[in-house]
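A.B. asks: Can you keep this structure in mind? I'll have questions shortly.
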Amino acid sequence: AQFIGSPAMNILPATIEKTGNPTVVSHVGGRKATVPIATPASAKGAAVSFGVRPEDLIIASGADYLFEGTVDYVEQLGEVQLVYVDIGRADLPLVTKLPGNVEVKRGSTLRLSANGEDLHIFDADGRSFALHEVEAKAA
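For the sequence shown, my numbering assigns the number 54 to the initial residue and increments by one for each residue that follows.
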């Protein structure tokens, strides 16, 4: 699943741990995310893609977070900044868009979270499970 936008949506490999609504997926580092999207029981254990847009990631407070990594690069863009975080994926860093006045230093550890409704799950064909749900209701 690829998307238009700059920066692009963060897409990570994941596995469906719990089906139904909400769905629970495990992703990088064994972290789990609860997504308020319905998935069929047959999807349990399926390899999927887990997505979150950079602007939907926020700095996490406390122990409840989706991602943890090391700040690799900070790109200041005035009112906003793009922060590239190494979360242990060899291919791509996680990108978050934060307010420009938030102090983030290269080499520091950053924990990020997002609201459940801002998280996305895509099947092996790149189709959103939210779209599956809409199509099932229309049938």
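Here a beta-carbon is modelled for each residue, glycine too, at the ideal position from N, C-alpha and C.
Quick check on Gly-141: does DSSP put it in helix, strand or coil?
C.D. replies: Here the question's residue 141 lines up with position 88 in the sequence shown. In this structure, Gly-141 counts as coil in the three-state DSSP scheme.
A.B. asks: Quick one: complete beta strand (DSSP E) runs, 3+ long, within the segment 74-142?
C.D. replies: 76-79, 85-88, 100-105, 120-129 and 133-139
A.B. asks: Let's see if you can read the secondary structure: which residues bound the beta strand (DSSP E) around Arg-164?
C.D. replies: To locate residue 164, count along the sequence shown from 1; it is residue 111. Run containing Arg-164: 162-166, per the beta strand (DSSP E) assignment.
A.B. asks: By Cβ distance below 8 Å, which residues in the same chain neighbour Thr-123 in space, the five residues on each side in sequence not counted?
C.D. replies: By one-based count along the sequence shown, residue 123 stands at place 70. Within the same chain, Thr-123 has close Cβ partners Val-138, Asp-139, Gly-160, Ser-161, Thr-162 and Leu-163.
A.B. asks: Return the bridge partner residues of Pro-152 from the DSSP annotation.
C.D. replies: Taking the first residue of the sequence shown as position 1, residue 152 is located at position 99. DSSP lists Val-133 as partners of Pro-152.
A.B. asks: Rounded to whole angstroms, how far is the Cβ of Leu-151 from the Cβ of Gln-134, which I believe are closer than 8 Å?
C.D. replies: For the purposes of this step, residue 151 is identified with residue 98 of the sequence shown, where counting begins at 1. For the purposes of this step, residue 134 is identified with residue 81 of the sequence shown, where counting begins at 1. Sure, about 6 Å apart at Cβ, within 8 Å.
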